[in-house]
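K.L.:
Pasting a structure here, questions to come.
Residue numbers (the working numbering): 945 to 1158.
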């Protein structure tokens, strides 16, 4: 399962039954979201209805979820100076090449690993991200967040290996088909997962199972 905040536009379309397939390039969008959060402390796309609905505390809110999905599908995000002035242009460039609406234009896993920002030396300055995460009203769980980043790194390495194999043989496109199973959306932190799942059972009919064509 994955958090709604990390979903790529094509995954949102599949979730809303506006489309039926997407491929592994959706993972590169999710990587862009993770990098954005790592450097700023908050996600690039949000959904808040304005009322005390409990969404920020991990509770289900159809209005907030729909607003989040609209934000993701529009794909509009910013790098506010107050949080991004000290972030390198290389980091912003990498994020901008991952958060592209057209999945075909996103960097591949191999290209991400070869990007100058990934290959270069890390600066000495310390980012304030951990403290921002701790005081953020959405209360991202740092342990869970680190696990997400590690899992994404592992996925990148696996995709690079698969690409090397694909370069040596003709393979069919890898796609994910949405069916009538269950695709679970988890909230910003693990501590909120049980509550939102408990209260969001009404959405289970829209959930879909993902299967890969090798």
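Every residue, glycine too, gets a C-beta built ideally from N, C-alpha and C.
#1: Within 10 Å of its beta-carbon, does residue 1101 have 16 or more other beta-carbons around it, so buried, or fewer, so exposed?
#2: Who pairs with residue 1021 in a beta bridge, going by DSSP?
#3: Hey, how far is the Cα of residue 1003 from the Cα of residue 1108?
#4: Quick check on DSSP: helix, strand or coil for residue 966?
#5: With DSSP run on the structure shown, which of helix, strand or coil describes residue 1041?
#6: Could you give the DSSP three-state label for residue 1083: helix, strand or coil?
#7: Between the Cα of residue 1057 and the Cα atoms of 1036, 1103, 1020, 1014, which residue gives the shortest distance?
#8: Using the beta-carbon count (16 or more within 10 Å), is residue 949 buried or exposed?
#9: Over what stretch of residues does the alpha helix (DSSP H) that includes residue 959 continue unbroken?
#10: Between the alpha carbons of residue 956 and residue 991, how many angstroms are there, rounded?
#11: Can you give me the C-alpha to C-alpha distance between residue 947 and residue 1041, rounded to a whole angstrom?
#12: Please report the distance separating the alpha-carbon of residue 988 from that of residue 1049.
#13: Is it true that the CB of residue 983 sits closer than 8 Å to the CB of residue 1051?
P.N.:
In short, the structure shows the following:
#1: The sequence position of residue 1101 within the chain shown is 157, counting from 1. Result: exposed.
#2: Locating residue 1021 in the chain shown gives position 77, counting from the first residue. Per DSSP, none; premise fails for residue 1021.
#3: In the chain shown, counting from the first residue as 1, residue 1003 sits at position 59. In the chain shown, counting from the first residue as 1, residue 1108 sits at position 164. Their Cα atoms are separated by approximately 42 Å.
#4: Position 22 of the chain shown, counted from the first residue, corresponds to residue 966. Three-state DSSP puts residue 966 in a strand.
#5: As a first step, residue 1041 must be located in the chain shown, where it is residue number 97. It is coil, neither helix nor strand.
#6: On the chain shown, residue 1083 is found 139 positions in, with the first residue counted as 1. Legend: pLDDT at residue 1083 = 44, less than 50; position of this residue unreliable, value from coordinates given subsequently. DSSP places residue 1083 in coil when its eight states are reduced to three.
#7: The residue given as residue 1057 occupies position 113 in the chain shown. The residue with the shortest Cα to Cα distance from residue 1057 is 1103.
#8: Within the chain shown, residue 949 is the residue found at index 5, counting from 1. Classification for residue 949: buried.
#9: Reading the chain shown from its first residue, position 15 is the one you call residue 959. Note, residue 959: alpha helix (DSSP H), 953 to 959.
#10: Counted from its first residue, the chain shown places residue 956 at position 12. Counted from its first residue, the chain shown places residue 991 at position 47. For residue 956 and residue 991, the distance between alpha carbons rounds to 14 Å.
#11: Here residue 947 refers to the residue found at position 3 of the chain shown. Here residue 1041 refers to the residue found at position 97 of the chain shown. Their backbone Cα atoms lie some 21 Å apart in a straight line.
#12: Against the chain shown, residue 988 aligns to sequence position 44. Against the chain shown, residue 1049 aligns to sequence position 105. Each residue's alpha carbon lies about 19 Å from the other.
#13: Locating residue 1051 in the chain shown gives position 107, where the first residue counts as 1. Locating residue 983 in the chain shown gives position 39, where the first residue counts as 1. No, they are not a contact pair.
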